[in-house]
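J.: One point on numbering: in my numbering, the residue at position 112 of the sequence shown is 334, and numbering is uninterrupted.
Below you'll find the structure I mean.
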Amino acid sequence: MGHPVRQTALSQAHDPRPQGGWDKSWYQVHTDTFEASFLPNGVKDLDAMCNADVLVHLPDGSQWSATVFTVAEVERLMASWAGSDDALGGAYFRVPDALIVRNPGIDNITQVIAGLIETDTFADIFQRLNHGRPRP
223 MGHPVRQTAL
233 SQAHDPRPQG
243 GWDKSWYQVH
253 TDTFEASFLP
263 NGVKDLDAMC
273 NADVLVHLPD
283 GSQWSATVFT
293 VAEVERLMAS
303 WAGSDDALGG
313 AYFRVPDALI
323 VRNPGIDNIT
333 QVIAGLIETD
343 TFADIFQRLN
353 HGRPRP
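Here is the structure:
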């Protein structure tokens, strides 16, 4: 089974032939500036994805992670915790490596990651997993 190719605004600007597709439970996006692997927590419609773990590999070999949520997903989770013991009944939301984005979808999140890298704010938000070594 072939992997579908997804075009993002970033990949169209930097790489005319981006590669993307499923690798077991992970959806991978390859651009000329980074590779991202998304674990969309059971969501099959990648344009609707609003909560995902993301691993990013940079050309220097470093690996980074974050958990991405949309604003609407945070609100949904907090509302679902109301009346429970979770997060004081939904009074707060905390995830140590959280990145909250306005809009859902792989394309949007890929564009946000690219923007963070381009503006040198990526390392302030994503958690570094290793010290890096360029990939062969």
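Just so you know, even glycine gets a beta-carbon here, dropped at the ideal spot from N, CA and C.
Source: prediction; values computed, not measured.
Just verifying my parser: in three-state terms, what is the DSSP assignment at residue 256?
T.: Working through the sequence shown from its first residue, we reach residue 256 at position 34. In the structure shown, residue 256 sits in coil (DSSP, three-state: anything other than H, G, I, E or B).
J.: DSSP three-state label for residue 323, please.
T.: In the sequence shown, the residue the question calls residue 323 occupies position 101. Residue state, collapsed to three classes: strand.
J.: Check whether the region 298-314 touches the region 282-290, counting contact only when three or more Cβ pairs, one atom from each stretch, lie closer than 8 Å.
T.: No contact exists between the region 298-314 and the region 282-290.
J.: Roughly how many angstroms lie between the CA atoms of residue 333 and residue 352, to the nearest whole one?
T.: By 1-based counting over the sequence shown, the position of residue 333 is 111. By 1-based counting over the sequence shown, the position of residue 352 is 130. C-alpha separation (whole angstroms): 23 Å.
J.: Would you identify the three-state DSSP class for residue 225, choosing helix, strand or coil?
T.: Here residue 225 refers to the residue found at position 3 when the sequence shown is read from its first residue. Any reading at residue 225 needs caution, since the residue's pLDDT is 37, under 50, leaving its predicted position unreliable; the model's value is listed next. Coil, per DSSP.
J.: Is the beta carbon of residue 258 closer than 8 Å to that of residue 407?
T.: Absent from the structure is residue 407, since the part of the chain shown begins at 223 and ends at 358.
J.: With burial defined as no fewer than 16 other Cβ atoms inside 10 Å of the residue's Cβ, what is the status of residue 242: buried or exposed?
T.: As a position in the sequence shown, residue 242 is number 20, starting the count at 1. Answer is buried; the Cβ neighbour count reaches 16.
J.: Going by the CB atoms, is the gap between residue 322 and residue 293 shorter than 8 Å?
T.: As a working mapping, residue 293 is identified with position 71 in the sequence shown. As a working mapping, residue 322 is identified with position 100 in the sequence shown. Yes, the Cβ-Cβ distance between residue 293 and residue 322 is below 8 Å.
J.: Since residue 331 and residue 290 are thought to touch, with beta carbons under 8 Å apart, how far apart are those beta carbons, to the nearest angstrom?
T.: For the purposes of this step, residue 331 is taken as the residue at position 109 of the sequence shown. For the purposes of this step, residue 290 is taken as the residue at position 68 of the sequence shown. The pair is a contact, with the Cβ atoms about 5 Å apart (cut-off 8 Å).
J.: Since residue 326 contacts residue 272 with CB under 8 Å, what's their CB separation in whole angstroms?
T.: Numbered from its first residue, the sequence shown carries residue 326 at position 104. Numbered from its first residue, the sequence shown carries residue 272 at position 50. Right, their Cβ atoms sit about 4 Å apart.
J.: Excluding the 5 residues flanking residue 270 on each side, which residues of the same chain have their C-beta closer than 6 Å to its C-beta?
T.: Counting from one through the sequence shown, the residue named residue 270 turns up at place 48. 326.
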